[in-house]
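Colleague: Residue numbers (my numbering): 17 to 453. Here you go, one structure.
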Amino acid sequence: MVGEDKGEAMIMVALLAITQADYLESLPPADRPYTFFIDVRHVPDEQREQHVKALQFTLASASRQRVIEYCTAQPTGIPGLLAVDIRNLLWDGNEVTQVFQRYPYGRKVLSKRHNVIAVPRAWRADWLILELWDTTRSDARYRLLYGDADINRDQWLEFHGQQKADKEFAIGFIEGNSGVTVSRKRVLISDERRDNVWTTLDFLEVDGKGDPLEQPGNVIDWQAKPIHDGSEHIAALYKHSIKTGDRGALQDYFLSNAKGERVEAGPAALVQDRTRSFRGLSEIRLGACVTCHGGGLNFPTSDEWRLFRGSRYVTQAAKVKLGAFFAPVARKMETHNVDFEAGVKLVNGLSGEQNAKQFAAVVAWYDADVTPEQAARELGIPAEELGLAIAYSAKQGIDVGARLSHLAEGGDIPRSSWESNFTLILEVIEQWQSSKR
């Protein structure tokens, strides 16, 4: 819409709102209250497809729904606008209301029935992607996927069908050169009877008491006798298509300390994202799990069990004891990763690695400073009109603040400032439009 004649852009926005209403009217009355739109019209044309693919991956990864057609957004016939039914996503309506209390891109309208901000009918895709993958800024993922904002590790394991770990069925490997843990030591552990849940045991330092090779019993019985300092948990979210019959799985992630208490980011002394692949941060948040696990589970670069069992000084009894734990893990990991590749392809047509790169690119685009041109695009007005509207408000004695003033003068502002000022800028634009009538 940037570059259109003055007033034409606002007319276009109004027409699109009418088109949304027309789409809702085409639905059965019972479906309308649960139908919401997801918007990518503010994204440059050449990047819209990338945003839609990241959105589909995110929605399916944040839904208990197994049917792909129900846990992804569907076309509406309106360019740049998709629709979801929160019943199909298996999202609780009360939790949706809680999540969208902080939606920044619209007016705050008080619900007539409840003393809360009404849920907006249309949501921005880029904002929603970040809300569902960065739990340091929002509990949206916990509320919508699990229905529990206070979920802990053991509840998360139970959600994925795993009760207390049984040491008799534990399998795994020791990573001796991890690119994530500061100590470079990490254990990946699972249950031989199922391959849908995997847990890492991460160590601040490796000594006699906390060495997985020296204390294999405590590694295997990791919940009852923790010798580690924190964990990343990975579970398969199985999906299938009712149209094609194809099947696959996505990955759910959870971070905890050794006690099982949830953490929103891994402690910097324990784990780091050395590639800074998510939001440019070394701090590991759930979104970093997406970019790190592009191909599914990561195989060890240095398998310490294989090095250990080759030593002629190790007793046969020790080899047998540890061998039962470490031997059968590779095939299960391969099966898991094949399912993951198929799952990603189901939701957006990409390979796992392609998906990780596009996901990171979409997040980076959202995190970039907002230019005057992009601000105008997001408001649906010509770029030159944005500066005029802010200047007009300043002359009327309205304090628009330093950031919006800088934007009016052609400068860029942080995305966080744009979010916090969006309601104000809507009022500024409305006043400017009214002054011209």
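From the three backbone atoms N, C-alpha and C, an ideal C-beta is built for every residue, glycine too.
#1: Please determine if the segment 200-209 and the segment 354-371 are in contact, where contact requires at least 3 C-beta pairs separated by less than 8 Å.
#2: Between the alpha carbons of A346 and D38, how many angstroms are there, rounded?
#3: Note down the Cα distance separating L71 from F375, rounded to an integer number of angstroms.
#4: Which ranges would you report for the alpha helix (DSSP H) in the segment 89-148 if only whole runs of at least 4 residues count?
#5: Please report how far the alpha carbon of A189 lies from the alpha carbon of S42, in whole angstroms.
#6: With a threshold of 7 Å on Cβ separation, who are the neighbours of T216 within its own chain once the five nearest residues in sequence on each side are excluded?
#7: State the start and end residues of the unbroken beta strand (DSSP E) segment that holds G246.
#8: Do L97 and Q90 come within 8 Å of each other at the CB atom, strictly closer than that value?
#9: Is the beta carbon of L148 less than 8 Å from the beta carbon of T74?
#10: Using alpha carbons as the reference points, say which of Q81, S367, P120, A274 lies closest to A141.
#11: By a C-beta neighbour count over all protein chains shown, 10 Å radius and 16 as the cutoff for buried, is K69 buried or exposed?
#12: Measuring CB to CB, does R123 end up less than 8 Å from Q36?
#13: Might you give, ordered along the chain, the residues of its own chain that have their beta carbon closer than 6 Å to the beta carbon of E435, omitting 5 neighbours on each side?
#14: In chain order, what residues of the same chain lie with their CB nearer than 8 Å to the CB of F116, ignoring the 5 residues before and after it?
#15: Bridge partners of A455, per DSSP?
#16: Identify every residue that forms a DSSP beta bridge with Q267.
#17: So, at 8 Å on beta carbons, what are the nonlocal neighbours of R431 in its own chain, with the 5 sequence-adjacent residues on each side left out?
#18: Considering Cα atoms alone, identify which of N168, R200, K259, G303 is closest to V83.
#19: Ignoring anything shorter than 4 residues, give me the alpha helix (DSSP H) runs that lie fully in the segment 289-314, in order along the chain.
#20: Under the DSSP definition of a beta bridge, which residues are partnered with W214?
#21: How would you call N193, buried or exposed, if buried means at least 16 neighbouring beta carbons within 10 angstroms?
#22: Sort out for me which residues DSSP pairs A186 with in a bridge.
#23: Kindly give me the distance between the Cβ atoms of V306 and T197, rounded to whole angstroms, as I take these residues to be in contact under 8 Å.
#24: Cutting at 7 Å between CB atoms, please list the residues of its own chain near R419, excluding the five before and the five after it.
#25: Use the C-beta contact count for Q178: other C-beta atoms within 10 angstroms, 16 or more gives buried, fewer gives exposed.
Modeller: In terms of the structure at hand:
#1: Contact between the segment 200-209 and the segment 354-371 is absent, because fewer than three Cβ pairs lie under 8 Å.
#2: Roughly 53 Å between the two C-alpha positions.
#3: Note on geometry: alpha-carbon atoms of L71 and F375 lie some 9 Å from one another.
#4: Counting only runs of 4 or more, we get 109-115.
#5: What sits at residue 189 in the sequence shown is Phe, not Ala. In a straight line, the C-alpha of F189 is about 55 Å away from that of S42.
#6: So the list reads R202, V203, L204, S247, E248, once near-sequence residues are dropped.
#7: Element bounds for G246: 246-256.
#8: The beta carbons of Q90 and L97 sit no closer together than 8 Å.
#9: At the C-beta level, L148 and T74 come within 8 Å of one another.
#10: Of Q81, S367, P120, A274, the residue nearest in Cα terms is P120.
#11: With 16 or more other Cβ atoms from the protein chains shown falling within 10 Å of its own Cβ, K69 counts as buried.
#12: Between R123 and Q36, the C-beta spacing is not below 8 Å.
#13: Answer for E435: P120, listed in chain order.
#14: In the same chain as F116, and ignoring 5 residues on each side of it, the C-beta atoms closer than 8 Å to its own belong to I133, V135, P136, W139, in chain order.
#15: Nothing in the structure corresponds to residue 455, since the chain is present only between 17 and 453.
#16: Beta-bridge partners of Q267 (DSSP): A252.
#17: Excluding five sequence positions before and after R431, the CB atoms of its chain that fall closer than 8 Å to its own CB belong to Y382, D383, A384, D385, V386, given in chain order.
#18: It is K259.
#19: For the segment 289-314, whole alpha helix (DSSP H) runs of length 4 or above, ordered along the chain, are 302-308.
#20: Answer by DSSP bridge pairing, in chain order: S206, I250.
#21: Its Cβ having fewer than 16 others within 10 Å, N193 is exposed.
#22: Looking at the DSSP assignment, A186 forms a beta bridge with D207.
#23: Contact between V306 and T197 does not hold, since their C-beta atoms are separated by about 19 Å, which reaches or exceeds 8 Å.
#24: Excluding sequence positions up to five before and after R419, its CB lies within less than 7 Å of the CB of I429, S433, N437, all in the same chain and listed in chain order.
#25: By the neighbour-count definition (other C-beta atoms within 10 Å, threshold 16), Q178 is a buried residue.
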